[in-house]
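Data block below; observations after.
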Amino acid sequence: MGNSSDEIVFYTNPMSRGRIVRWMLEEVGQPYRAEVLSFGDSIKAPAYLAINPMGKVPAIVHRGVVVTEAAAICAYLADAFPQAGLAPANDDPLRGSYLRWLFFAAGPVEAAVSAKALGLLAPAERSGMVGYGSFEQVVDTLEQVATDARPWLLGEQFSAADVYVGSQILWGQMFKTLPERAAFAGYGQRLRERAAWQRATALDDALIPPRG
């Protein structure tokens, strides 16, 4: 790859949100080096905390820069490697929708799904204080964007937003943290048919120790 600083170093665990970034890296198609961390010592070791003080994965290091947060990594990689065609250009009107849905999934969707799973949703009378409003509002909005009327969130163009939003929907289906909707099922099926998703899933699944 030339200069070693150009190498993408990917810190992950196969049972984490690192699976999102693994899929994104497979879509990008650039070489990368995966450093698999355990949830025990290595993810909280000083060497990794120097990269991400949160002690969480995923993270990437590229050109001497650390990027954390799965949505940010997806957006970063799409812009760093425009030849992969995974983000609308700055002068493309679709850029606004692309950013909108990336941030919607990273903010309201992530917060609402986590809060519901933990039994910590805001009471209805305090819904105005939280970005997600209500869990039902978030799910209904997500259903509208993941419609079967078009293949991808931006229409015909697959993008990094599909990787990130799609991962949330695929997980929601698998772990039953999102209600069943026909639109989610159809969108999820299209995502699972992508070669990059299949490669990433196989790589991560192979790293999970068998249950004894």
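Position one of the sequence shown corresponds to residue 1 (full-length UniProt numbering), numbered consecutively onward.
Ideal Cβ positions, reconstructed from N, Cα and C, are used throughout, including at glycine.
Computed from a prediction, not measured in an experiment: that's the story for all the values here.
Asked, Found
"Of the listed residues THR68, ARG150 and ALA112, nearest to GLY186 (C-alpha basis)", "ARG150"
"MET24 CB to nearest heavy atom of the ligand NAP below 6 Å", "Among the components of this structure there are no ligands whatsoever, and the ligand NAP is therefore not found."
"Other residues of its chain near ALA111: CB distance less than 6 Å, five sequence neighbours each side excluded", "TYR132"
"Proximity to PHE184 [Cα-Cα], best of MET54, PRO209 and TRP152", "TRP152"
"Check whether ALA87 and SER5 have beta carbons under 7 Å apart", "no"
"Whole-Å CB distance - LEU178 paired with VAL139, under 8 Å assumed", "6 Å"
"Spatial neighbours of ALA89 in its chain, beta-carbon cut-off 8 Å, leaving aside the 5 residues before and after", "PRO82 and ARG95"
"Whether ALA70 touches PRO58 by CB criterion (7 Å)", "yes"
"Cα-Cα separation between PRO210 and SER38, rounded to whole angstroms", "15 Å"
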